[in-house]
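J.: Protein chains in written order, with this note's numbering: chain A, 1 to 334; chain B, 1001 to 1334; chain C, 2001 to 2334; chain D, 3001 to 3334; chain E, 4001 to 4334; chain F, 5001 to 5334. Have a look at the structure that comes next, please.
6 protein chains.
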Amino acid sequence: MSPAAKTTRRSISDLGPSERFGGSFAIANAQMGRTRNGDPYLKCLLSDKTGRLPARKWSMSEEMFHRLPTDGFVYVEGQTQPYQGELQLIVDIIEPMEPSVDELRELLPATERDVDDMFAQVVSILDTLKHPAMKALAKTYLADEMLMDQFRLAPAAKMMHHAYLGGLLEHTLTLLKIVDAILPLYPKLNRDLVVMGLFLHDLGKTRELVYDKTFSYSDRGELIGHLVEGAIMLHDKAAQTMRAEGVRFPPGAITVLQHIIISHHGLPEYGAAKPPSTPEAIFVSQVDDLDAKTVIALAAARPETERAYDLGGNFTERQWALQNRKLYKPDPLA
Amino acid sequence: MSPAAKTTRRSISDLGPSERFGGSFAIANAQMGRTRNGDPYLKCLLSDKTGRLPARKWSMSEEMFHRLPTDGFVYVEGQTQPYQGELQLIVDIIEPMEPSVDELRELLPATERDVDDMFAQVVSILDTLKHPAMKALAKTYLADEMLMDQFRLAPAAKMMHHAYLGGLLEHTLTLLKIVDAILPLYPKLNRDLVVMGLFLHDLGKTRELVYDKTFSYSDRGELIGHLVEGAIMLHDKAAQTMRAEGVRFPPGAITVLQHIIISHHGLPEYGAAKPPSTPEAIFVSQVDDLDAKTVIALAAARPETERAYDLGGNFTERQWALQNRKLYKPDPLA
Amino acid sequence: MSPAAKTTRRSISDLGPSERFGGSFAIANAQMGRTRNGDPYLKCLLSDKTGRLPARKWSMSEEMFHRLPTDGFVYVEGQTQPYQGELQLIVDIIEPMEPSVDELRELLPATERDVDDMFAQVVSILDTLKHPAMKALAKTYLADEMLMDQFRLAPAAKMMHHAYLGGLLEHTLTLLKIVDAILPLYPKLNRDLVVMGLFLHDLGKTRELVYDKTFSYSDRGELIGHLVEGAIMLHDKAAQTMRAEGVRFPPGAITVLQHIIISHHGLPEYGAAKPPSTPEAIFVSQVDDLDAKTVIALAAARPETERAYDLGGNFTERQWALQNRKLYKPDPLA
Amino acid sequence: MSPAAKTTRRSISDLGPSERFGGSFAIANAQMGRTRNGDPYLKCLLSDKTGRLPARKWSMSEEMFHRLPTDGFVYVEGQTQPYQGELQLIVDIIEPMEPSVDELRELLPATERDVDDMFAQVVSILDTLKHPAMKALAKTYLADEMLMDQFRLAPAAKMMHHAYLGGLLEHTLTLLKIVDAILPLYPKLNRDLVVMGLFLHDLGKTRELVYDKTFSYSDRGELIGHLVEGAIMLHDKAAQTMRAEGVRFPPGAITVLQHIIISHHGLPEYGAAKPPSTPEAIFVSQVDDLDAKTVIALAAARPETERAYDLGGNFTERQWALQNRKLYKPDPLA
Amino acid sequence: MSPAAKTTRRSISDLGPSERFGGSFAIANAQMGRTRNGDPYLKCLLSDKTGRLPARKWSMSEEMFHRLPTDGFVYVEGQTQPYQGELQLIVDIIEPMEPSVDELRELLPATERDVDDMFAQVVSILDTLKHPAMKALAKTYLADEMLMDQFRLAPAAKMMHHAYLGGLLEHTLTLLKIVDAILPLYPKLNRDLVVMGLFLHDLGKTRELVYDKTFSYSDRGELIGHLVEGAIMLHDKAAQTMRAEGVRFPPGAITVLQHIIISHHGLPEYGAAKPPSTPEAIFVSQVDDLDAKTVIALAAARPETERAYDLGGNFTERQWALQNRKLYKPDPLA
Amino acid sequence: MSPAAKTTRRSISDLGPSERFGGSFAIANAQMGRTRNGDPYLKCLLSDKTGRLPARKWSMSEEMFHRLPTDGFVYVEGQTQPYQGELQLIVDIIEPMEPSVDELRELLPATERDVDDMFAQVVSILDTLKHPAMKALAKTYLADEMLMDQFRLAPAAKMMHHAYLGGLLEHTLTLLKIVDAILPLYPKLNRDLVVMGLFLHDLGKTRELVYDKTFSYSDRGELIGHLVEGAIMLHDKAAQTMRAEGVRFPPGAITVLQHIIISHHGLPEYGAAKPPSTPEAIFVSQVDDLDAKTVIALAAARPETERAYDLGGNFTERQWALQNRKLYKPDPLA
């Protein structure tokens, strides 16, 4: 797909000033600017898994612009240029491209854990489901290879923002492990509903819709959201399970699972289409919140790699996802 | 379906003290009480389109109780009894029953307008759709006879609460007439999206789900809600339109319609799964709100029939749906 | 009023680098800066209907500064200068001035529609008022020529911010047309109150107060607001109508109209002095909101002229007036 | 005005079971009920300064009902009757009446302090105003005898609800004394604006409007409110002062005073038409809040006369005006 | 302590109409009423672990009244009386009393689990603390026998309201088990801080203060709250540990533990004195919330013993502690 | 402590471009940056009572960095350098230092009023306390010399932000004077509780904790807050008063004072650990709010010294502490 091979792929973090470069990159924030005399030009951010840099392409027709994805992937050739103490990429050639799964792993940050191993753990927890209809439903999902590929690949948070490939799988597995450990403390909760609900709660992030082949997934994410998406997907999978497996679901079972999915954000102002209104929905929502808040807090206060910009001070920046609080970083017992 | 014909059907409003009665009624708030010595008894409300009275059945097993619908319809025989200045119904026989459409019209309050005429007006506005895919989609919905029957029958608000048969149709028609009149003032709004969005926005209230035959519709309403239900229904109808009519929807068209449906309550705290985020979704949500608020305000301040309990005073009771305000009733120019 | 005629009036959009210019401009954000060695200088924005540029005047006494309006109009002479890739105006002479109506139309953006025609339509809708007291009251307002001139001239939103001359008239006319079209659907609303209420609801934006001749209108706008202003104006006009026309208003009529005016922003947190508490006040508030939200949404998502800075991306910037949402711009059926 | 003198006026607190009574009473919550066979009857509360009792009149035409005030005063004859352990008044004759000021003092609870003395203290604080325009404005208000009579009579809170005659004067005087004592601590506050602002802040509660002679004052209170009313009154009084006294107000002076009046409730959600936005407006609003909250807290926690219904327990009922808190009553140092 | 032994102690649930009874009871809502002729009488609720009934004592001086506890324990003799279909207790003799721990277990509902066993489990989890200063601090707490007795006895929620003896211990143990199970998933959390924080988070509910011997504990609970109480207690225990054990705490360690205690309610509006601002404080707050919400949801939707008053219907009453939601009760897979 | 005396101490406001400087400064916002090639450098702000400038130290090891206080005091030598139109300090030598009280007065802005005189006034108001236990408690506080020194020195608001030395004393004295003047208007308030409560309400800002010698005070301020700190301090002082003076506090007295302290911010969302729930706590909270809001409003609208950046315009910047309002600055009567 690359038009010319004369420039070699260089990682963003390896680029120096005034170098030729070429290869695939993720593109973000693509916008059309106009110079003072009215000529259009392209402004965007180009990234791979090692970093991100601003880019400009000075001659750019509107048609060319509209062929580019707003958030997606491109093949690019050009040259680096120092600008205001930073590097900037001056682009000569830019074209949309569809990365393979392997290319994706080069272009986007990814989990450091073994994806196959994590997936196997999820499957083995699903194996502990007891109710035959739930077992059949899980089987239908697991048999959907394309969906499971996306489940293994998807980030837990929005494509390309503070998230990484495999994040969805990693987050789902952590939640399943938590409930596996603590469900014995709550014998009145239905374990199958909790386990199935957690497996499904974020799956809407991966969905492909037949009637909307060319429509941007992330636009659909904004307009519909993965909660409603997940409920629609379950509607299809339940029908498919009934047809294919001859299973009859107990009355209310699919409704209660859909309810877990569309309510798991807890409060309408956090995106829940309904507030959680069964014991299992409340439990799923709380477990999800526990993991999310803890992971965010640890990422902010005790990051893997010390970030350059907040070495000093005992408090982090304000954390939007934690009611805008600053966190105290030191562990006094460490 | 009635076990014995020796008692004649009497309207609630015609009942006097110490009379035998029998016939079909709507039942609500069915609860099991216990007398001081621990015997279970049934407490409920029985109603028809003319009124509502409290009822008791003194001998009642739990099994019998669980066979009754929480909100639904029953055949009843018994006797009236004065109690604390009101009438109370003492029930001898009570059984679940499924009313026909004609029986329903006896049991529930209904619109005073001609349902066939209103439906014809809706159809004729749908006839003005321009885009072939929208025309095909409307055709699919209109061809679903069972759905259209429910659309003509359903109340606009919750079954049996301050609402009436045909209310959904009446409300939908009013909205379609409003936009038909004022859309010329906003030429940049896509008329097809607005008209189709309004036709579909409340249709989720009518849905029957194959995998949940015996599950209570109103329970599903609480747990899933008619917004998400309407989006799922459109998912099915779009697929059906593609298969049956060979139509290809423009990218994003179904997403944008689903967005109108799940966002039409305006704010998440009012039940929207997403806040309205297209010009058409905002417009639909505002028109719906305009009609709802105006109808509620007029019903409270200028009711058809003077209600006994607030003849006096210039202000109404507090209106929950209007931020708990009291409304000033007089029209000083009248 | 201009001290020297040697420089010709040039539109902002026509100015090139290092040119002499002179003429009348709107001034905004006038502030006094101080250079590092403490000398005061003037920083401000100068605009006409074609655009806006930053300006500086390097020698500036405090007295001269205090003679300038904070938001208003000035005669200016000076020279353009490129600065950080933009043009900047270096001012030699600056003086306050009072533009005529014709000059105003040069200095501020204005409606593209015919003001006389729009005003005639408003008058003809007022002609349909039925109650003699309302007819007399409308006559009193229409007879106030200075007020009607301001009504034809005023923008709908704050002077000089994302608004244009004639905007108030345009907005009022749209609302009157909407209610003219849809009031037949709500026969219990008093049409006279709705029409009169809409005619008056924003008129407070134009008011001149005898006891405060030299006081800045926009300061009064901040401290009192056009809602209370409109209620005070109606207090005067009602008294004048009684005196001049010998009209006696039905009890409560003026109160109910004042209530419509002071409540039309809907909620106290949006600026309503009282929440709307009559059916007509609720209706007026909802219609106003419908038009405002729709116009804002269309202006953001489907602007007249494609703006340079957001050609790309399917979503707009966050819209403060729409609960800070981003809007999806494409019309999938277009 | 009383049709028959054969029954003597008895105070509510003196009435025993099965006694004839007659005389003037305040009426509240007048509503029309219907008996089971559809006959209308009157339900209301009758009170004088000693207490309040429920009343019924069993034969009552709608015309008679509509002649009665919703909240106001009536002449009544009838008989007491025990009902559910309480007394109830069975009315034979009921007619609207207009009490004289002396009768009012019998019918409504009143301040225990000397009204003339309190008024004299207010006048003497107004005498300390320095600016000639403020002095002239105060003179205009004080010269309006009807207004000053109402100022001396009016309760601080809503007519007939937990408030008493003279309450407005008492509250205003307390505030003036507070600021007289503490203004020396804030020399940058303009004393005249604060004193004048406090004198005027609640005066809107007393206003009579020429164009609305027969319209209920309390309905206008609900629809317009005493904040906007007070600003309209100042509009008139300022014009009158200019005409009568030849005074010219400094630019902005009346606006700033009107701003104090319409903002003194502090936040829009507490009824302010604008949030207080000058130092004097903020100070007035805070002083008003300080006195209001303290008086409410003391009345709840340390009432003059121990109330029968909460002798026990260390905490009061929840106080709506104090964010629904319960107050701890004991003074541990007492 | 009982004045007369002629009446035998009967459980509330065993009492029938018109029986003599006598013995110790918990008293709540003690209030002084007045009969119509002004005589004071006592109204209160009397309860033991089997139930609760209303009680009256018709002759009651104010002095006697003030000797009774508002919420506490009394010895009572009297007679049962049917009233409005319920039993009521007519009291002859009532006196304050101080129950022993054994008597308490008769008077208040209690956990069904083994208190000694639960306490041993808490101790064994505390044994796993690693840091010597934390070990020493735990030792100081465990050595305080009076405190540990109260820890074993105290309910988790407010004395006598929907709570039971041993509830605090049961809740604390559940939380410690949860974190013991899932802390390995979050290796960056300091385990000692989490375990110690959870052990201490609700201990403030048990505190006795030397300077306030006779002051009601529950009044202090209302005015200070167990969060601040727990922080004060830790202040003392830390000082004691330093003195007694010669331990030096790492800088910030006690502060961070106090922070966990005063922030564990999550948001200020839920009673947190500071929002949780360390990873451990966030984690503790989330785990506490997870258990509290789950326990409340299960208690409401799947109670131990079917309650008489809501046998019917698929939804519970509104749950105040769950944002006032109604919960769906059925488990569709059961 | 200063390593070299060859550079003389210069005030920030006296520094010119390219000068050597040296001396003690307050340091704030110390952060570690990294240059493009990864070398760490120090970014911070240095200030004394005359102003503040940005500073950089280009070679900086992490160990050196971690020895510096985040907010505190340092000895610095270096050179000024113009940068983007401002001065910047290029640091050669930087070391932590502990300023004496006299040095502090050079480094931080300070009250202009006489600290000894203000303190004497506070003492003389405390002399008017009546209850012997309150007198003894005041004596204990006044006898704590280290605490009283801090009380005289501390700013009222956060160290180094828009606050000044002596500010706490100044604010406390103003409040005591206000209540001294207006308490006679509220005879049911317990004067001792109000006076003592105000004396103590902000004292927590000064506290030193024995178990946390080296722990940053401002970190503790963030995590615990001065409200809870003040309650803990009172816990200690009450115990000390009991021991040293043999005083027995009336039951509830210390609780009620602690309640005043932890509730004085009024609402939980403003930092109160409990909402004020006694008349005295409400009064203290309101008086504190009155002074705080008035002082903030006057400082914004009528500052001592005209600030360069807002000479123009009648409105201030938005004031975060006043619900983000802009204030109108002119006094129209001035």
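Positions of the beta carbon are idealized from the N, C-alpha and C atoms, including for glycine. Note that this is a predicted model, so its numbers are computed, not measured.
(1) May I ask you to list the residues that DSSP assigns as paired with residue 321 of chain A?
(2) From residue 42 of chain A to residue 30 of chain A, what distance separates their C-alpha atoms?
(3) Taking a Cβ distance cut-off of 9 angstroms, strictly less, list which residues of the region 4021-4043 of chain E are near chain B, in chain order.
(4) With 16 as the cutoff for other CB atoms within 10 Å, does residue 5328 of chain F come out buried or exposed?
(5) For the alpha helix (DSSP H) that contains residue 56 of chain A, what are its first and last residues?
(6) DSSP beta-bridge partners for residue 80 of chain A?
(7) Does the beta carbon of residue 242 of chain A come closer than 9 angstroms to any beta carbon on chain E?
(8) For residue 3182 of chain D, collect the residues of the same chain with a Cβ closer than 6 angstroms to its Cβ; drop the 5 residues on either side in sequence, then sort them by chain order.
(9) For residue 5031 of chain F, write down the residues that DSSP places opposite it in a beta bridge.
(10) Exposed or buried, which one is residue 2246 of chain C when buried takes at least 16 other CB atoms within 10 Å?
(11) Among residues of its own chain, excluding the 5 on either side of residue 4310 of chain E, which ones have a beta-carbon nearer than 8 angstroms to its beta-carbon?
(12) Taking Cβ-Cβ distances shorter than 9 angstroms, what residues in chain D pair up with residue 4222 of chain E?
(13) Taking just the CA atoms, how far does residue 1262 of chain B sit from residue 229 of chain A?
(14) For the region 2187-2203 of chain C, list every residue whose C-beta sits within 8 angstroms of some C-beta in chain B, in sequence order.
(15) Pick from E/4057, E/4103 and E/4062: whose alpha carbon is nearest that of residue 4088 of chain E?
(16) Could you tell me which residues DSSP puts in a beta bridge with residue 5072 of chain F?
(17) With a threshold of 8 angstroms, are at least 3 pairs of Cβ atoms found where one atom belongs to the region 1292-1305 of chain B and the other to the region 2275-2283 of chain C?
(18) In chain C, which residues lie with their C-beta within 8 angstroms of the C-beta of residue 48 of chain A?
(19) Is DSSP giving residue 5261 of chain F helix, strand or coil here?
(20) With DSSP collapsed to three states, give me the class of residue 2013 of chain C.
(21) Cutting at 8 angstroms between CB atoms, please list the residues of its own chain near residue 82 of chain A, excluding the five before and the five after it.
(22) Can you give me, in chain order, the residues of the region 4120-4131 of chain E that have a beta carbon less than 9 angstroms from any beta carbon in chain A?
(23) Based on Cα-Cα distance, which residue from B/1140, B/1055 and B/1144 lies nearest to residue 1244 of chain B?
(24) Interface residues of chain A around residue 1274 of chain B at Cβ under 9 angstroms?
(25) Which first and last residues belong to the alpha helix (DSSP H) in which residue 3288 of chain D is found?
(26) Put residue 4110 of chain E into one of helix, strand or coil per three-state DSSP.
(27) Quick check: is the beta carbon of residue 5166 of chain F nearer than 9 angstroms to any beta carbon in chain D?
T.: So, from the data block:
(1) Answer is none; residue 321 of chain A lacks a bridge partner.
(2) Their Cα atoms are separated by approximately 7 angstroms.
(3) Answer in chain order: no residues at all.
(4) Buried, by the Cβ-count rule.
(5) Residue range 51-57 is occupied by the beta strand (DSSP E) that includes residue 56 of chain A, with no alpha helix (DSSP H) assigned at that position.
(6) Beta-bridge pairing links residue 80 of chain A to A/89.
(7) False, the Cβ-Cβ gap to chain E never drops below 9 angstroms.
(8) Within the same chain, no Cβ atom closer than 6 angstroms to the Cβ of residue 3182 of chain D is found once the five residues on either side in sequence are excluded.
(9) Answer by DSSP bridge pairing, in chain order: F/5043.
(10) Counting Cβ neighbours within 10 Å, residue 2246 of chain C comes out exposed, since fewer than 16 surround it.
(11) Note that residue 4310 of chain E scores a pLDDT of 44, beneath 50, so its modelled location is shaky; the value from the coordinates is reported in the next line. These residues qualify, in order along the chain: 4316 and 4317.
(12) Those are 3314, 3315, 3326 and 3328, listed as they occur along chain D.
(13) In this structure, the straight-line span from the alpha carbon of residue 229 of chain A to that of residue 1262 of chain B is close to 11 angstroms.
(14) Cβ contacts with chain B: 2188, 2189, 2190, 2192 and 2193.
(15) The candidate whose alpha carbon is nearest that of residue 4088 of chain E is E/4057.
(16) Paired residue(s): F/5027.
(17) Judged by Cβ distances under 8 angstroms, the region 1292-1305 of chain B makes contact with the region 2275-2283 of chain C, as three or more pairs qualify.
(18) Those within 8 angstroms of residue 48 of chain A in chain C number zero; the least Cβ separation is about 21 angstroms.
(19) The three-state reading of DSSP puts residue 5261 of chain F in helix, counting H, G and I together.
(20) In the three-state DSSP reduction, residue 2013 of chain C falls in the helix class (H, G or I).
(21) Taken in chain order, the residues that qualify are 17, 18 and 88.
(22) Correct list: 4130 and 4131.
(23) With distances taken between Cα atoms, residue 1244 of chain B lies closest to B/1140.
(24) Near residue 1274 of chain B (Cβ distances below 9 angstroms), the residues of chain A are 222, 223, 224, 225, 228, 271 and 273.
(25) It spans 3279-3301 - the alpha helix (DSSP H) in which residue 3288 of chain D sits, taken as one unbroken run.
(26) Strand, per DSSP.
(27) No, its Cβ sits nowhere closer than 9 angstroms to a Cβ of chain D.
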